[in-house]
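In what follows, a structure is listed as structure tokens, so that the remarks can point back to it.
Following this line, the structure appears as structure tokens:
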């Protein structure tokens with residue numbers, strides 16, 4: 396399964412030199428797993444409530460010093476979008492507050508890749524994965 400592969404890579408990597416990028420982090424399950432293994436994590440999702448949940452989870456589980464919660468959308472082409480105010484896509488988005496307008500950025504503008512090697516880049520962006528890959 397995906398979780399077993401993810402855990403295997405983290406367990407056998409070098410958390411002192413490598414980092415994890417979690418694009419489309421949502422509430423941060425993969426961010427949490429990476430944080431528990433001691434990796435620096437770039438946890439990226441545009442939804443404000445998701446960012447708040449990921450930050451609180453990292454803080455309360457004592458790995459906030461190496462988890463970077465980034466609230467933004469990622470794409471190879473700057474695109475405006477509405478963030479909404481919900482975190483779970485299964486909730487009724489038609490009744491949700493439309494949120495703020497934001498603009499996507501390229502992934503490689505958010506951190507210095509020369510600071511180490513990405514042991515893993517997880518991308519789950521609801522059909523926009525190709526835009527994230529092209530932004531690297």
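Numbering (my numbering), first residue to last: 396 to 531.
The C-beta atom is built at its ideal place from N, Cα and C for all residues, glycine as well.
Model, not experiment: these values are computed from the prediction.
| query | What's the gap between the Cα of residue 407 and the Cα of residue 400? | reply | 11 Å
| field | Cβ-based burial, residue 472 [other Cβ within 10 Å; buried from 16] | value | exposed
| task | Report back the beta-carbon spacing between residue 465 and residue 438 to the nearest angstrom; my notes put them in contact at under 8 Å. | result | 7 Å
| request: In angstroms with no decimal places, state the Cα-to-Cα distance between residue 411 and residue 430. | output: 12 Å
| Can you give the beta carbon distance from residue 469 to residue 527, rounded, assuming they're within the 8 Å contact cut? | 5 Å
| said: What does the Cβ neighbour count give for residue 409, buried or exposed, with the cut at 16 atoms within 10 Å? | reply: exposed
| query | Between the C-alpha atoms of residue 404 and residue 415, what's the straight-line distance to the nearest angstrom? | reply | 10 Å
| task | Would you mind sorting residue 514 into buried or exposed? The rule is 16 or more other CB atoms within 10 Å of its CB. | result | buried
| message | Please classify residue 503 as buried or exposed, where buried requires at least 16 other C-beta atoms within 10 Å of its C-beta. | response | exposed
| task | Name the residue from 436, 432, 434, 444 whose alpha carbon lies nearest to the alpha carbon of residue 422. | result | 444
| said: Taking the straight line between their C-alpha atoms, what separation do you get for residue 475 and residue 425? | reply: 26 Å
| Closest Cα partner of residue 477 within the set 499, 446, 458 | 499
| query | Closest by CA to residue 446, which one among 417, 433, 435, 413? | reply | 417
| request: Measuring alpha carbon to alpha carbon, tell me which of 427, 441, 525 ends up nearest residue 435. | output: 427
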